[in-house]
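S.K.: First the structure, then my questions, so here it is.
Residue numbers (our numbering), protein chains in the order written: chain X, 1 to 199; chain G, 1001 to 1086.
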């Protein structure tokens, strides 16, 4: 009976997936998305799609690796969808100006604005990194970056993709890539200063 | 950007160019403007230092990330999967 069932599922054991891999897949998704509901949705989608596609699983491959590869695709698709839907306004001149004026002088000088300027950190970096509280704040800050800028930042810094690969995956131009990366860095650094290093 | 503006990069330009610099994508003029600015701008040097620390830590927290699904989320997922398996 058991063998029959395994054969039917192409060597996979879907009834055990959630217990076995749920947390690992969720951690993988959270590291890239930093938004709980989104991460949960994509992990659930992954299990369902994997079951539908069970015939494409190659015997002897690792179940976990296979599931992660499906999840990876879902994350990229999520980033991609986000980037075509509502976020193109990042490149609107007005939205761009509002954002930049917070950090830099409105006038052509382009110097740091008073409120947006980096300050020396009051806490040691190496010790901070070890703290769970800091990791939580870092994750919250990453979750606050608009999805498209977050996508660029994450694919670069977590997944180590090249800028060319990222542009291709997200279907954006190199100039969009630099603009998004600039925003992500400005916003992330400031968020950490406000919520951790400057406290 | 005109050549003159590139050579006299301001703080906004330099924070923008930082990623290009990291990826070895600065043009010759950009790289001069970038380096020249950093010679005299302490705040931008600070920005770059802090940003690079943050990026390194995002990269390393890779393995440290401990996220677990809530019991509720697992039940919901199991239900969705069971639905599919029927």
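We treat Cβ as the ideally placed atom computed from N, Cα and C, and that holds for glycine.
Under 8 Å, with one C-beta from each stretch per pair, do the region 1030-1038 of chain G and the region 122-129 of chain X reach the 3-pair mark?
M.R.: Too few Cβ pairs lie closer than 8 Å, so no.
S.K.: Expressed to the nearest angstrom, what Euclidean distance is found between the alpha-carbon atoms of residue 1072 of chain G and residue 184 of chain X?
M.R.: Working through the second chain from its first residue, we reach residue 1072 of chain G at position 72. Working through the first chain from its first residue, we reach residue 184 of chain X at position 184. Residue 1072 of chain G and residue 184 of chain X: Cα-Cα distance of roughly 33 Å.
S.K.: Contact defined as beta carbons within less than 8 Å: I believe residue 148 of chain X pairs with residue 186 of chain X. What is the distance between those atoms, to the nearest angstrom?
M.R.: Position 148 of the first chain holds residue 148 of chain X. Position 186 of the first chain holds residue 186 of chain X. Incorrect: roughly 15 Å between the Cβ atoms, too far for contact.
S.K.: Is the Cβ-Cβ distance between residue 54 of chain X and residue 21 of chain X less than 8 Å?
M.R.: As a first step, residue 54 of chain X must be located in the first chain, where it is residue number 54. As a first step, residue 21 of chain X must be located in the first chain, where it is residue number 21. Not in contact: residue 54 of chain X and residue 21 of chain X (Cβ atoms no closer than 8 Å).
S.K.: 8 Å is my cut-off, CB to CB: does residue 38 of chain X come that close to chain G?
M.R.: The residue you call residue 38 of chain X lines up with position 38 of the first chain. For residue 38 of chain X, the answer is no, since every Cβ of chain G falls outside 8 Å of its Cβ.
S.K.: Between G:1047, G:1015, G:1014, G:1006, which has its C-alpha nearest residue 193 of chain X's C-alpha?
M.R.: Here residue 193 of chain X refers to the residue found at position 193 of the first chain. It is G:1047.
S.K.: Could you say which of X:166, X:29, X:153 lies nearest to residue 1069 of chain G if we only look at CA atoms?
M.R.: Against the second chain, residue 1069 of chain G aligns to sequence position 69. Looking at the Cα atoms, X:29 is the closest of the given residues.
S.K.: Am I right that residue 66 of chain X and residue 47 of chain X are in contact with their C-beta atoms under 8 Å? What's the rounded C-beta distance?
M.R.: Start at 1 with the first residue of the first chain, and residue 66 of chain X comes out as number 66. Start at 1 with the first residue of the first chain, and residue 47 of chain X comes out as number 47. Going by Cβ atoms, the distance from residue 66 of chain X to residue 47 of chain X rounds to 12 Å, so no, they are not a contact pair.
S.K.: Please classify residue 1042 of chain G as buried or exposed, where buried requires at least 16 neighbouring CB atoms within 10 angstroms.
M.R.: Here residue 1042 of chain G refers to the residue found at position 42 of the second chain. With fewer than 16 other Cβ atoms within 10 Å, it is exposed.
S.K.: Could you spell out the range, first to last residue, of the alpha helix (DSSP H) harbouring residue 162 of chain X?
M.R.: In the first chain, counting from the first residue as 1, residue 162 of chain X sits at position 162. First-last for residue 162 of chain X: undefined, no H or E at that position.
S.K.: What are the partner residues of residue 57 of chain X, as DSSP defines its beta bridges?
M.R.: Numbered from 1 along the first chain, position 57 holds the residue referred to as residue 57 of chain X. In the DSSP output, where bridge partners are listed per residue, residue 57 of chain X has none listed.
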